[in-house]
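To start, the structure under review is shown below, and the notes come after it.
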Amino acid sequence: MLKDLLGGELYNAIVSVCPEQGLTEIRLRLGLPVAVRVGLNRKVLPFIATKKMIDGVVARATGFSLYSRQDEIKQGFIHYSGGIRIGVAGKGIAEGGSLVGFSEIDSLNIRLPHEIKGCSDRLSNIINNFENTLIVSPPFAGKTTLIRDMARALAKNYDVVIVDERGEIGGGEGSIYDLGSFVDIVGNVPKTLVTEGIIRSMSPEIIVLDELSPEKDMKIVEEISRSGIKLLASVHSDSIERLTKALPHIARHFCYGVLLSNKPSIGSIKSIVRFRGD
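Residue numbers (the working numbering): 8 to 285.
Structure follows, in structure tokens:
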């Protein structure tokens with residue numbers, strides 16, 4: 008799968024230095040050395056990212072139809088099969104105060120998915136008596152891996168719907184993930200467009216939302232809370248205290264806050280806070 012995306016020449020150059028197993032990120036920056044991450048460790052490789060490399064990855068990621076993926080690209084990323092997500096940057100095109108695309112793509116951040124079954128076992132008390140839970144995490148702390156495993160565990164006792172806006176939880180076509188037999192996924196569409204319809208049509212007992220935008224998504228959170236459906240969600244922050252001070256309304260809709268850290272290792276649980284809840 009990764010070889011199909013990178014092309015044989017680039018793939019072979021990377022794995023000759025870093026085996027594919029354990030790779031979490033590949034960065035291509037035009038005219039600069041290719042860099043990879045293995046866990047939290049960054050390694051600079053002894054070859055330069057060229058325009059041919061970058062254009063080739065973009066072409067393969069979009070099925071050689073860049074125009075057909077413009078809605079994703081203007082949000083700054085491209086989905087690829089198996090849950091791979093490619094961040095893009097370059098010379099942007101703005102219209103009406105909004106980014107509508109890129110005339111040139113000069114940088115790629117290829118995020119590679121990983122599954123760790125059982126990583127949510129540490130939260131068994133929350134899972135077994137589930138109430139609304141918010142996973143709070145800085146980047147590279149394992150929140151998507153945790154929320155995926157929690158969804159799999161919860162689906163043993165609940166009907167679970169995952170709104171997978173970025174295609175990272177379920178992985179999409181060619182997914183490597185095992186989410187069990189009782190999870191429904193709505194993928195690659197904005198949360199704001201699908202949540203109301205899901206409540207009516209799928210009758211979920213739990214809805215899973217990854218990477219809440221507190222400014223844009225609180226209306227959805229409020230709607231789910233009013234409906235009586237339970238919610239598992241995540242948000243980027245390195246502190247529950249700072250998050251709730253900046254956004255005091257967010258805690259009203261959750262019973263638990265789980266703070267992740269990448270120290271001493273990715274996925275470490277730093278603290279669990281019980282909010283007042285509903």
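Just so it is clear, CB atoms sit at the ideal spot from N, CA and C, and this is done for glycine as well.
Here ARG155 is near GLU122, since their CB atoms are less than 8 Å apart. One thing to note: GLY108 has its Cβ no nearer than 8 Å to the Cβ of LYS150.
Assignment of beta-bridge partners to THR140 by DSSP yields LEU239 and TYR263. Nearest to GLU27 by C-alpha distance, out of GLN77, LEU106, LEU119 and LEU267, is LEU119. Contact between THR140 and LEU266 is absent: CB atoms are separated by about 12 Å, not below the 8 Å threshold. Within the same chain, Cβ atoms closer than 7 Å to the Cβ of ILE206 are found at SER234 and ILE236, the five residues on either side in sequence being excluded. Apart from the 5 residues on each side of it in sequence, VAL45 sits with its Cβ closer than 8 Å to the Cβ of CYS25, GLY29, LEU30 and THR31 in its chain, given in chain order. In terms of Cβ geometry, VAL95 and LEU73 do not form a close pair [threshold 8 Å]. When the Cα atoms are used, VAL64 and MET209 turn out to be separated by approximately 37 Å. Taking 4 residues as the shortest admissible run, the stretch 65-140 contains the following complete alpha helix (DSSP H) segments, listed from N- to C-terminal end: 77-80 and 131-135.
Within the stretch 10-61, the runs of alpha helix (DSSP H) that reach at least 4 residues and sit entirely inside it are, in chain order, 15-22.
Cβ-Cβ distances below 6 Å link LEU17 to MET60 in the same chain, with the five nearest sequence neighbours on each side left out; the list follows chain order. Considering only ILE91, PRO145, GLY83 and LYS163, the residue with the shortest C-alpha distance to SER105 is GLY83. Around PRO221, the same chain offers VAL242, LEU254 and ILE257 as residues with beta carbons nearer than 7 Å, after the five sequence neighbours per side are excluded. Our two residues, GLU229 and ASP185, have alpha carbons roughly 30 Å apart in a direct line.
Going by C-alpha positions, THR251 is about 26 Å away from ASP128. Taken through DSSP and simplified to helix, strand or coil, LEU254 comes out as coil. Per DSSP, ILE176 lies in no beta strand (DSSP E) and is assigned neither H nor E. Judged by their CB atoms, VAL168 and VAL193 are nearer to each other than the 8 Å cut-off. Boundaries of the alpha helix (DSSP H) around LEU161: 150-161. DSSP places SER234 within a helical segment (H, G or I) once states are collapsed to three.
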